[in-house]
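To keep things clear, I will list the structure first and then write my remarks on it.
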Amino acid sequence: MKQILVFLTAFFLLSACANEFKTHKNIEEDYALVPKPDALEMAEGLFELENGCKISASEGLHNESSYLIEMLGARTGLGFEEASKGSIQLLIDPSIQAEEGYSMEVTPSSILIRGQQAQGVFYGIQSLLQLLGEYPLEDATVFGVPAVRIKDQPNYAYRGMHLDVCRHFFSVEFVKRYLDVMAMHKLNTFHWHLTEDQGWRIEIKKYPGLTEVGGYRNGTIVGHHPGEANDNEKYGGFYTQDEIRDIVAYAKERHIEVIPEIEMPGHSSAAIAAYPWLSSFPKENTIIGNNMMSKSSRSIQDAGINKVVQETWGVFDDVYCAGQETTFLFLEDVLTEVMDLFPSALIHIGGDECPKGNWERSPACQERIKNEGLKDEHELQSYFIKRIEKFVNSKGKNIIGWDEILEGGLAPNASVMSWRGTQGGIAAAEEEHKVVMSPTSHCYFDYYQSEDRDKEPLAIGGFLPVEKVYAFDPMPAELDAEKAKYILGGQANLWTEYIATESHAEYMLLPRMTALSEALWTDTAIKDFEDFKVRLQDVREDYDRLGYNYAKHVFEDELNEEK
Ligand code: ACM
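Quick note on numbering that gives the first Met the number 0: the sequence shown kicks off at 0 and runs consecutively.
This is the structure:
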């Protein structure tokens, strides 16, 4: 009798979240997914979510089922639990072909998500969460998922977003929100720009000055470069190593790899302010151009302390000295701590915008050029990067750098992030180096979103509307099939000179990031901007529900067209 009761109870619970409602007729709008999946077949009926709904998961998918339970609970207010048999099933299935691929089958009585690996299952979960909606039935509104069959996989393996936390600092909570919205869009790489002229943001135990001194500037220019004044306000912040570990773990739960960027040899004023011996000219004053230096920094320099953290934007001559051994020892120490914190296979070493003037004047750098048989300062930059690469490789990792690392000869195992157009990326792929495309033309989210600049918050310049981001394809036509394999994917960058608040950062990010996700995930053959705009309306509801700020131009354009 007891067994029958247990059986009946189990039957009741299992069917409780799987009633067949015939009153909702599924329509195309119920299936708005971004990024658009490879193949989607609508079907009849609705899977209704009810309290006590059970979720079962293959071994190794505990992280995914916990995530799903948490997300479903937050969305519906209902309770869900893991069980050995559930009407929602998460499965590892080696027959799924693509590494990040998944399939999803929703019927009125079950949901089955299968992935070759946990990552694919996670993307199936994202699709499930996007399909989940509120459906008004005869006497109540229910949370349901329309019946469907989906087969899906990404077009590109590297789908990245960058965030500059140096020009302006962003809280741990914000970085997590950033990762959340990336995960929602099946983006898998977070490029975290952690060091700059205007602030060093990562705690390094061996060099506490990096954050104690380099983490704060004495003021910031007001208005667009070259600036109208200095605000004379101390500004800064940094992440402790515990916070970094927390964020890396949070990202991992969302199948996002975090690639840290430690800039070198340029963009290094904050480190030099902390440890002036990193400069070729420790006794020369930091120059803050156009008479824009803060009062505090002026007093500090009057008192004989030469180096201060930068307060204006741009490219600066005071860079790491490539002549002295101490520079390399310092960077090796820093990178050792960084590599302990970040499990990523790639470490970003910057490499962009390093003026060579100081190296030309520096006896130590000139001696290095002579001793190493280098032709000029460009080859000295190449020497610098190759030496760092050797060290990073010795720890089992590889470097990636901005396309300037091509100048003077590419380090043997380096990957290239092409930002000054795609030419650098094409050249690197021709040389059989891996490439991430991130051209300013399509991927710089610090650019204006409207040509009507007066109505926009101050931005660095440019014009990058959603439609142009959507048109981005990292694959250049110039490469043959063999060399095309080196194009890993693409990334958009959020540089924050003119982005001081979290809500402004979200405004610059969304909905352009949503367009980026489809540009990188969806097969170019099925991309269609008009169709995307329709599905974007649904994503907009998610932004609203989750409290993300976003730019409205693309929605307003739609309204104007309708008028
Ligand atoms: C860059 O925008 N300087 C990589």
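Backbone N, C-alpha and C fix where the C-beta goes; we use that ideal spot for every residue, glycine too. Treat the numbers as computed from the prediction; the structure is a model and nothing was measured.
query	result
Cβ-heavy atom distance, ASP537 to the ligand ACM, below 7 Å	no
Endpoints, the alpha helix (DSSP H) within which TRP520 is located	511 to 520
Closest Cα partner of THR613 within the set GLY143, PHE79 and PRO456	Lying before the first or after the last residue shown, residue 613 is absent from the chain, which here runs from 0 to 562.
Rounded Cβ spacing between THR521 and ASN154 (contact assumed at less than 8 Å)	6 Å
Inter-residue spacing [alpha-carbon to alpha-carbon] between ASP615 and ASP451	The structure shown does not extend to residue 615, since the chain is modelled only from 0 through 562, so no value can be given for it.
Environment of the ligand ACM in chain order, Cβ to heavy atom below 5 Å	ASP351, TRP401 and TRP418
Close-in-space but distant-in-sequence residues of the same chain around ILE246 (CB under 6 Å, 5 per side omitted)	VAL174
Nonlocal neighbours in the same chain, by C-beta distance under 8 Å from VAL171, ignoring five residues either side	TYR238, GLU242, ASP245 and ILE246
For GLY303 and HIS266, the rounded distance between their alpha carbons	23 Å
THR500 CB to nearest heavy atom of the ligand NAD below 7 Å	This structure lacks the ligand NAD; the ligands present are the ligand ACM.
Status (buried if at least 16 other CB within 10 Å, exposed otherwise) for TYR549	buried
Reduced DSSP secondary structure (H/G/I, E/B, other) of PHE6	Low confidence applies to PHE6: its pLDDT is 45, below 50, so where it sits in the model is not reliable enough to give any reading.
For HIS61, the nearest candidate out of ALA117, LEU48 and ILE87 (CA to CA)	ALA117
Proximity of THR277 and THR326 at Cβ, strictly below 8 Å	In the sequence as presented, Thr is not what sits at residue 277; that position holds Leu. It is a contact, given that the beta carbons lie within the stated cut-off.
N- and C-terminal bounds of the alpha helix (DSSP H) containing GLU28	Per DSSP, GLU28 belongs to no alpha helix (DSSP H) and is neither H nor E.
Assigned secondary structure, VAL120 (DSSP; H/G/I helix, E/B strand, else coil)	helix
Helix, strand or coil at ASP556 according to DSSP, with G and I counted as helix	helix
Alpha helix (DSSP H) segment containing GLY395, residue limits	GLY395 -> no alpha helix (DSSP H), and no H or E assigned at all.
ARG544 in three-state terms, based on DSSP	helix
Distance between LEU45 and PHE20 (C-alpha atoms, nearest Å)	Confidence is the limiting factor: at PHE20 the pLDDT is only 47, short of 50, which leaves the residue's position unreliable and the question unanswerable from this model.
N- and C-terminal bounds of the beta strand (DSSP E) containing LEU191	Per the sequence presented here, residue 191 reads as Trp, with Leu not at that position. 188 to 192 is the extent of the beta strand (DSSP E) around TRP191.
Same chain, Cβ closer than 6 Å to VAL141, neighbours up to 5 away in sequence not counted	GLU47 and TYR134
Beta-carbon spacing of LEU535, PRO510 below 8 Å	yes
Three-state secondary structure (DSSP) of TYR549	coil
Length of the line joining the Cα atoms of SER516 and LYS24	30 Å
Simplified DSSP state of GLU501, which is helix, strand or coil	helix
Option in ARG253, HIS167, ILE368 and ASN229 with minimal Cα separation from GLU69	ARG253
Nearest candidate by alpha-carbon position, reference ASP527, set LEU209, LYS35 and ASP351	LYS35
Reduced DSSP category for SER295 - H, G, I as helix; E, B as strand; rest coil	helix
Exposed unless 16 or more other CB atoms sit within 10 angstroms - verdict on ALA272	buried
Start-to-end residues for the beta strand (DSSP E) that takes in HIS161	157 to 163
Between the CA atoms of GLY51 and THR8 - distance to the nearest angstrom	Reliability fails at THR8, whose pLDDT of 44 lies under 50, so the model's placement of it is uncertain and no value is given.
Exposure label - VAL314; buried when at least 16 CB within 10 Å	exposed
Check whether ASN397 and LEU345 have beta carbons under 8 Å apart	yes
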